[in-house]
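Single-structure report; data block below.
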Amino acid sequence: MTDRVRKAVFPVAGLGTRLLPATKSIPKEMITIVDRPLIQYAVDEAREAGIEQLIFVTGRGKSSLVDYFDTAFELETTLRGKGKSLDVLEPSSASFGEVVTVRQQQPLGLGHAVWCARHIVGDEPFAVLLPDELMYGKPNCLAQMIEAYEKVGGNIVAALEVPDSETHKYGVIEPGTVDGRLTEIRGMVEKPAPGTAPSNLMLPGRYILQPSVMRALDAQEAGAGGEIQLTDAMAKLIGREPFNAYRFQGERYDCGSAAGFVIANLAMALDRPDVAPAVREFLGGQGSSTTSQ
Ligand code: G1P
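Residues in the sequence shown are numbered consecutively from 3, following the numbering used here.
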């Protein structure tokens, strides 16, 4: 029997420098994809996968992200007064105690951000979702991973093939035996120097981890880029606990860059029945004026 995954950690303290100037005063996670902020997609993914507690690791200037999941008394009262439906707010409402926040006071790396949530995670398995990686799949990425986890337990990370020329930007695994969508992990390295990656299977930011990773993070050792890396802490567990990569079925959109954001917007717009026809028409007639309705 494996313990159920009930908690998910969302590291959202980052400055989002690749999206300046927008991120000067808007958290990257609050920039919209179609008509909802990026964070909503990761939260929807977690909720659909059965996660009950959302743990945001935030920092200064990120309060709007937490406010977003709170009750908006004036807005709701005004909408009600006008006889308007509140259904549109449903995805942004949270049940009592569902959202928990903790601060990462210094930008010491992804591993450090996850470690900041250690007292809230406690002694149970947990998920980590990096919201700027928008994962699209039916069932969604985390749901697919949890289904696999319920069979094999241990630690499971999503993995995705990228061209060899891109591996230096990511965490990369050294693969072992393949069993369907699961691949045994023999090693892991964060941002390998070009030409040295053990494979072209990168980590796209979805993890199911045992609490022991927090003990590995206790050491606070700096790795690639001088940061405390989650990849390094996970690598320490290999050989001690089952560790598998899951090749998820679906698409990944990297919203960490301006181009990625635009592509994700188009992809998600084309998936929305209420928005898709107008977008499709525009794309079909690229170069024509967009001012007519
Ligand atoms: C982080 C992780 C890396 C992962 C990547 C996915 O890197 O450290 O292992 O592959 O996210 O986006 P970052 O993009 O924060 O440098």
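Heads up, the beta-carbon is just placed ideally off N, CA and C, and yes, glycines get one too. Computed from a predicted structure; not experimentally measured.
Candidates the options: closest to residue i by CA position
i	options	result
Leu40	Leu285, Ala278 and Gly262	Gly262
Gln106	Asp181, Leu272 and Val11	Val11
Pro165	Pro279, Gly197 and Glu152	Gly197
Leu232	Tyr172, Val180 and Arg282	Tyr172
Glu192	Arg183, Leu184, Met204 and Val264	Met204
Val180	Gly286, Thr169, Ala161 and Thr79	Ala161
Ala260	Thr4, Leu110, Ala119 and Glu135	Glu135
Gly63	Val14, Val215, Ala278 and Gly241	Val14
Leu67	Thr25, Glu76 and Ala51	Thr25
Asp276	Ile28, Lys86, Asp37 and Ile240	Asp37
Gly52	Ala195, Ile148 and Gly85	Ile148
Gly241	Gly85, Met190 and Glu92	Met190
Glu31	Val7, Ser65, Ala48 and Arg8	Ser65
Gln108	Leu272, Arg274 and Gln222	Gln222
Leu110	Asp273, Glu243, Pro279 and Ala224	Ala224
Ala2	His170, Leu219, Asp273 and Arg8	This structure cannot settle anything about residue 2, because the visible part of the chain is limited to 3 through 295.
Pro93	Thr79, Leu239 and Asp46	Asp46
Gly182	Val174, Ile210, Lys153 and Pro206	Lys153
Ala48	Lys238, Val7, Glu283 and Ala235	Val7
Pro206	Gly286, Leu239, Val174 and Asp234	Val174
Same chain, Cβ closer than 6 Å to residue i, neighbours up to 5 away in sequence not counted
i	result
Gly178	Glu186 and Arg188
Ile35	Ala266, Asn267 and Met270
Cys118	Val59, Val104 and Gln106
Leu219	Gly113, Trp117 and Ala235
Assigned exposure category for residue i - 16 Cβ within 10 Å defines buried
i	result
His114	buried
Val90	exposed
Thr293	Because Thr293 carries a pLDDT of 43, less than 50, the predicted location of this residue cannot be relied on, and the following value inherits that uncertainty. By the neighbour-count rule (16 or more Cβ atoms within 10 Å), Thr293 is not buried but exposed.
Ser167	exposed
Thr60	buried
Leu184	buried
Thr19	exposed
Gly99	exposed
Gly258	buried
Gln288	exposed
Ala280	exposed
Gln295	Residue placement at Gln295 is poorly supported in this model, since its pLDDT is 37, which falls under 50; the coordinates still yield a value, given next. Burial call: exposed.
Ala278	exposed
Lys84	exposed
Pro23	exposed
Asp234	buried
Lys86	exposed
Beta-carbon proximity of residue i to residue j, cut-off 9 Å
i	j	result
Cys143	Arg82	no
Phe245	Gly156	yes
Glu253	Leu112	no
Val159	Ala247	yes
Pro200	Asp5	no
Val264	Val116	no
Tyr255	Tyr70	no
Ile33	Leu17	no
Ala129	Glu50	no
Glu163	Asn202	yes
Glu78	Leu88	yes
Close Cβ partners of residue i (< 8 Å) along its chain, the five nearest in sequence each way excluded
i	result
Ser97	none
Val102	Gln55, Leu56, Ile57, Phe58 and Ile122
Nonlocal neighbours in the same chain, by C-beta distance under 7 Å from residue i, ignoring five residues either side
i	result
Asp125	Pro213
Asp72	none
Ala44	Phe12, Leu131 and Pro133
Ser290	Residue placement at Ser290 is flagged as unreliable, the pLDDT there being 48, under the threshold of 50; the coordinate-derived value follows with that caveat. There are no such residues.
Arg120	Met216
Glu283	none
Ala237	Gly189 and Met190
Residue i Cβ short of 8 Å to the ligand G1P heavy atom set
i	result
Met204	yes
Tyr172	yes
Glu192	yes
Glu135	yes
Ala107	Looking at the sequence itself, residue 107 is Gln, so the reference to Ala does not match. Flag unset: Cβ of Gln107 not near the ligand G1P.
Thr1	Any property of residue 1 remains undetermined from this structure, which presents the chain solely from 3 to 295.
Asp276	no
Gly124	no
Asp166	no
Leu326	Nothing about residue 326 can be read from this structure; the chain reaches only from 3 to 295.
Leu40	no
Asp1	The structure shown does not extend to residue 1, since the chain spans only 3 to 295, so no value can be given for it.
Leu211	no
Gly228	no
Any chain C beta carbon closer than 9 Å to residue i
i	result
Met204	The displayed structure is made up of one protein chain only, and chain C is not part of it.
Any non-hydrogen atom of the ligand COA closer than 8 Å to residue i Cβ
i	result
Gln231	Looking for the ligand COA in the displayed structure turns up nothing; the ligands present are the ligand G1P.
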